[in-house]
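**Q** In short: position in the sequence shown from 1, add 40, done, that's my numbering.
Ideal Cβ positions, reconstructed from N, Cα and C, are used throughout, including at glycine.
Please read through the structure below; I'll follow up with questions.
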Amino acid sequence: MRIIEKSGTPVRSLTPAERALLEAFVGGQLENVQRLHANQWLLKVRSEGQWLACDCQTRSAPVMNVTLDGSTGTLFLKDNPGSAEHARGCPFIKDDREPGERSEVDDVPASWLAPDRPLKLIGDFKPAGADSVGTGLYESREPHRLLSLLLTLVEASGLNVYATHLKKDLSAQFAELRTVAARYPLIDRVPASHFLETRVDIKHMMMLKGRLKDSAAFGEHRRHGLLLDCVAQVQARKVLTDAHGSGFDYQGHHSRWGGAKTQGPLLALAIYATTAPQRQFYEMIHLATLPVLSRGQLFPIYRDEEREPLKMLIGLIDWMADKGVKVTMRRPVIGGVVMDELVLSAARERILSVSLTHSPQGPEPRSETFKRLADFKSLETFKRYVAGFFMRA
C-alpha cells in the first residue's frame, strides 16, 4: 500500500503498522483510541490532497481516496472512478454500493408526508463534549424521508398526472412544486419554500447559502436548505447537469425511486447544509432522484425502456382529445403495489391499466383491464388497442 499524489507520483509506502491499522479500519475492527488514531491519520492524508494506491494488483494499482460521509461525519475509503479493481481476497475490496447507498436505505418504502409538520430531514450537530469519536459528528436522520418528500411534492403538484387540458410548461411545473413546498416546514415555522432553489448551479447555491447564513430562523438547529432541479445524470457521487458537465459532489445517501439506476433526465432533490459545526462551508448531503420523461415534461418513468412508448401514449392522448375524448393518465408514485403500472381513465368509468416494461416488475394485477405492452406484437398494435378501448365508448 502506497500514499500517492493525485498526479500519480509516489509519496511513500505504508509501514506494516499503518497497513494493519488501515485493514482493521476498513473491516470495522477498531474501537476507541485506535479508531481515533485511524481517523486522524486518514484526515491528514485527505487534507494533503493525497490518495492511497493498493498493491494487490501488479500491473495497475487500484486507487482509493479518503471521503467524508456527510450523513454520519465519518471517514471511509472510496475506490476512484475508473480505477482498477482489487484482486480477489484483497481486504480493501468493496461492495458495489458505497457506504451511503446501502440496501437498507432503498428497502424502506417511501410514504406520503403530511403537510404542516416539520420535515426534520437532517440531524443537528452534537453539542461540544458529546461522547463521539472525532469532530463534527451529528445525529443521523432517516435518509428515505428525502425521497418521501420528493414523491410527495410530485403527487401533490400533480406532475404524475397527464392530460391534454392539464398540460403545463416547465416554469409552471416548477411553480407547482414550489407552491406545494410552502406547505412543509423544514423545522418549526420555517417553510421549505423559503430555503428552496429550483436550479442546481453555482449561482443558485450561493444565493441559498447567503439566505441560510443571514437567517436567524434556525436558532440552535443545523442550517439547511433544498436544491431541486431536473439533472442529466448522477454518477460516482456527482450530480451532473447539462450546464455543468463536471458535476457537483454530494456526500450522503442517494435514494432512488424504484431502487435501480436509470438514465437521465432525473428530477433531483438534495439537502444543502453545513458539513461541520462553526463552519460556513455548504455542500449537498443527501440526494433523492426520480426519473422523468424529458427535460420539459416532468412525468415520472419507472425504467428507461418506457420513454418511447410513453411518448407515444402522450401523443395518443392528445389525438383523442382533439376527437373529443378526454383521457387522463396517472402514475402512482407512492403506495403503488405495481410500480410500473400506468392508469388511464376517461368518462363513463372507462379505466385501463397498462405496463410499458418488457417484463413484470411486481405482482400482476388480476384484471381484464390490465394490459402489458410486451404481450402485443408491436407498439403500433398496442396503440390501436388503447385507442379502440377509449374511442368505442
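What residue does the beta strand (DSSP E) around Gly-265 start on, and which one ends it?
**A** Locating residue 265 in the sequence shown gives position 225, where the first residue counts as 1. Counting along the chain, the beta strand (DSSP E) containing Gly-265 begins and ends at 264-271.
**Q** Spatial neighbours of Ile-133 within its chain, please: C-beta separation below 7 Å, excluding the five flanking residues on both sides.
**A** In the sequence shown, residue 133 corresponds to position 93, counting from 1. Excluding residues within five positions, the ones whose Cβ falls inside 7 Å are His-126.
**Q** In whole angstroms, give me the CA-to-CA distance for Gly-89 and Glu-45.
**A** On the sequence shown, position 49 is the one that residue 89 refers to. On the sequence shown, position 5 is the one that residue 45 refers to. Rounded to whole angstroms, Gly-89 to Glu-45 spans 7 Å at the Cα level.
**Q** By Cβ distance, which residues of its chain are closer than 6 Å to Glu-58, with the 5 residues on each side in sequence left out?
**A** Here residue 58 refers to the residue found at position 18 of the sequence shown. Excluding positions up to five away in sequence, the list is empty.
**Q** Give the range of the beta strand (DSSP E) segment to which Leu-159 is assigned.
**A** Sequence index remark: in the sequence shown, residue 159 carries index 119 (1-based). That residue, Leu-159, is in no beta strand (DSSP E); it is neither H nor E in DSSP.
**Q** Determine the DSSP secondary structure at Gln-275, reduced to helix, strand or coil.
**A** The sequence position of residue 275 within the sequence shown is 235, counting from 1. Here Gln-275 sits in strand by DSSP.
**Q** Quick one: is His-398 buried, meaning 16 or more other Cβ sit within 10 Å of its Cβ, or exposed?
**A** Position 358 of the sequence shown, counted from the start, is the residue given in the question as residue 398. With fewer than 16 other Cβ atoms within 10 Å, it is exposed.
**Q** Considering Cα atoms alone, identify which of His-244, Asp-358, Ser-395 and Gly-285 is closest to Tyr-322.
**A** Locating residue 322 in the sequence shown gives position 282, counting from the first residue. For the residues His-244, Asp-358, Ser-395 and Gly-285, the minimum Cα distance to Tyr-322 belongs to His-244.
**Q** Anyone know if the C-beta pair for Ser-395 and Arg-412 falls short of 7 Å?
**A** The sequence position of residue 395 within the sequence shown is 355, counting from 1. The sequence position of residue 412 within the sequence shown is 372, counting from 1. Closer than 7 Å, so yes.
**Q** In angstroms, rounded to a whole number, what distance separates the CA positions of Ala-93 and Val-279?
**A** Start at 1 with the first residue of the sequence shown, and residue 93 comes out as number 53. Start at 1 with the first residue of the sequence shown, and residue 279 comes out as number 239. Between Ala-93 and Val-279, the C-alpha separation is close to 26 Å.
**Q** I'd like the list of long-range same chain contacts for Arg-239, defined as Cβ closer than 6 Å, with 5 residues on each side in sequence excluded.
**A** The sequence position of residue 239 within the sequence shown is 199, counting from 1. Here the set comprises Asp-269.
**Q** Taking only three categories from DSSP, how would you classify Arg-86?
**A** As a position in the sequence shown, residue 86 is number 46, starting the count at 1. Residue state, collapsed to three classes: helix.
**Q** On a CA-only basis, which of Gly-259, Ile-341, Leu-54 and Ala-222 is nearest Met-379? Give me that one, please.
**A** Position 339 of the sequence shown holds residue 379. That would be Ile-341, whose Cα lies nearest to the Cα of Met-379.
**Q** Short of 6 Å in beta carbon distance, which residues of its chain neighbour Cys-96, apart from the five on each side in sequence? Order them along the chain.
**A** To locate residue 96, count along the sequence shown from 1; it is residue 56. Correct list, in chain order: His-126, Ala-127 and Cys-130.
**Q** Between which two residues does the alpha helix (DSSP H) holding His-184 run?
**A** The residue given as residue 184 occupies position 144 in the sequence shown. Counting along the chain, the alpha helix (DSSP H) containing His-184 begins and ends at 184-197.
**Q** From the DSSP output, in three-state form, read off Thr-49 for me.
**A** The count along the sequence shown starts at 1 and reaches residue 49 at position 9. DSSP places Thr-49 in coil when its eight states are reduced to three.
**Q** Can the beta-carbon of His-464 be found less than 7 Å from the beta-carbon of Ile-162?
**A** In this structure the chain extends from 41 to 433, so residue 464 is not present and cannot be described.
**Q** Go through its chain and collect everything with a Cβ distance to Glu-216's Cβ below 6 Å, but skip five positions before and after it.
**A** Residue 216 sits at position 176 when you count from the first residue of the sequence shown. Taken in chain order, the residues that qualify are Ser-197.
**Q** Looking only at its own chain, which residues have a Cβ that is under 8 Å from the Cβ of Met-431, when we skip the five neighbours before and after it?
**A** Within the sequence shown, the letter at position 391 stands for residue 431. Taken in chain order, the residues that qualify are Met-360, Lys-363 and Val-365.
**Q** Classify Lys-417: buried if its beta carbon has 16 or more other beta carbons within 10 angstroms, exposed otherwise.
**A** As a working mapping, residue 417 is identified with position 377 in the sequence shown. The residue is exposed, with fewer than 16 neighbouring Cβ atoms inside 10 Å.
**Q** What does the alpha-carbon distance come out to for the pair Ser-435 and Thr-421?
**A** Here the chain covers residues 41 to 433 and nothing more, so residue 435 does not appear.
**Q** For Val-230, which residues from the same chain have a beta carbon less than 6 Å from its beta carbon, with the 5 sequence-adjacent residues on both sides left out?
**A** Against the sequence shown, residue 230 aligns to sequence position 190. Around Val-230: Ala-257.
**Q** Measure the C-alpha to C-alpha separation of Glu-346 and His-284 and round it to an integer number of angstroms.
**A** Against the sequence shown, residue 346 aligns to sequence position 306. Against the sequence shown, residue 284 aligns to sequence position 244. Going from the Cα of Glu-346 to the Cα of His-284 covers about 27 Å.
**Q** Here's the rule I'm using: 16 or more other beta-carbon atoms within 10 Å means buried, otherwise exposed. How should Leu-326 be labelled?
**A** Stepping through the sequence shown from its first residue, residue 326 is reached at position 286. According to the sequence shown, residue 326 is His rather than Leu. It is buried - the Cβ of His-326 has at least 16 other Cβ atoms within 10 Å.
**Q** Is Trp-91 helix, strand or coil by DSSP?
**A** Stepping through the sequence shown from its first residue, residue 91 is reached at position 51. Of the three classes helix, strand and coil, the one that applies to Trp-91 here is strand, per DSSP.
**Q** Suppose the cutoff is 6 Å on Cβ atoms and the five residues either side in sequence are ignored; what does the same chain contact list for Arg-86 look like?
**A** As a position in the sequence shown, residue 86 is number 46, starting the count at 1. Counting only Cβ-Cβ distances below 6 Å, and skipping sequence neighbours, we find Val-106.
**Q** Less than 7 Å separating the beta-carbons of Ala-221 and Thr-368?
**A** Here residue 221 refers to the residue found at position 181 when the sequence shown is read from its first residue. Here residue 368 refers to the residue found at position 328 when the sequence shown is read from its first residue. Not in contact: Ala-221 and Thr-368 (Cβ atoms no closer than 7 Å).
**Q** Roughly how many angstroms separate the alpha carbons of Leu-266 and Pro-305, rounded to a whole number?
**A** As a working mapping, residue 266 is identified with position 226 in the sequence shown. As a working mapping, residue 305 is identified with position 265 in the sequence shown. If I take the Cα positions, the gap works out to 19 Å.
**Q** Does Ala-310 pass the burial test, meaning 16 or more other C-beta atoms within 10 Å, or should it be called exposed?
**A** Here residue 310 is taken as the residue at index 270 of the sequence shown, counted from 1. By the neighbour-count rule (16 or more Cβ atoms within 10 Å), Ala-310 is buried.
**Q** When the distance is taken between beta carbons, is Ala-124 closer than 7 Å to Ile-374?
**A** Your numbering for residue 374 matches position 334 in the sequence shown. Your numbering for residue 124 matches position 84 in the sequence shown. Against a cut-off of 7 Å, the Cβ pair of Ala-124 and Ile-374 comes out as no contact.
**Q** Reducing DSSP to helix, strand and coil, say where Val-367 ends up.
**A** Here residue 367 is taken as the residue at index 327 of the sequence shown, counted from 1. Three-state DSSP puts Val-367 in coil, outside helix and strand.
**Q** Measure the CB-CB distance between Tyr-312 and Leu-392 and report whether it falls below 7 Å.
**A** As a first step, residue 312 must be located in the sequence shown, where it is residue number 272. As a first step, residue 392 must be located in the sequence shown, where it is residue number 352. No.
**Q** Would you report the Cα separation of Val-332 and Leu-54, rounded to the nearest angstrom?
**A** Looking up residue 332 in the sequence shown gives position 292. Looking up residue 54 in the sequence shown gives position 14. Taking the straight line from one Cα to the other gives about 47 Å.
**Q** Comparing C-alpha positions only, which one of Leu-419, Phe-410 and Ser-334 sits nearest to Leu-353?
**A** Taking the sequence shown and counting its residues from 1, the one referred to as residue 353 is at position 313. If we check each option's Cα against that of Leu-353, Leu-419 comes out closest.
**Q** Classify His-77 as buried or exposed, calling it buried when 16 or more other Cβ atoms lie within 10 Å of its own Cβ.
**A** Along the sequence shown, one-based indexing puts residue 77 at 37. His-77 comes out exposed.
**Q** Using 8 Å for Cβ pairs, my map puts Ile-227 next to Pro-317. What's the rounded Cβ distance?
**A** Mapped onto the sequence shown, residue 227 falls at position 187. Mapped onto the sequence shown, residue 317 falls at position 277. Wrong, their Cβ atoms sit about 17 Å apart, outside the cutoff.
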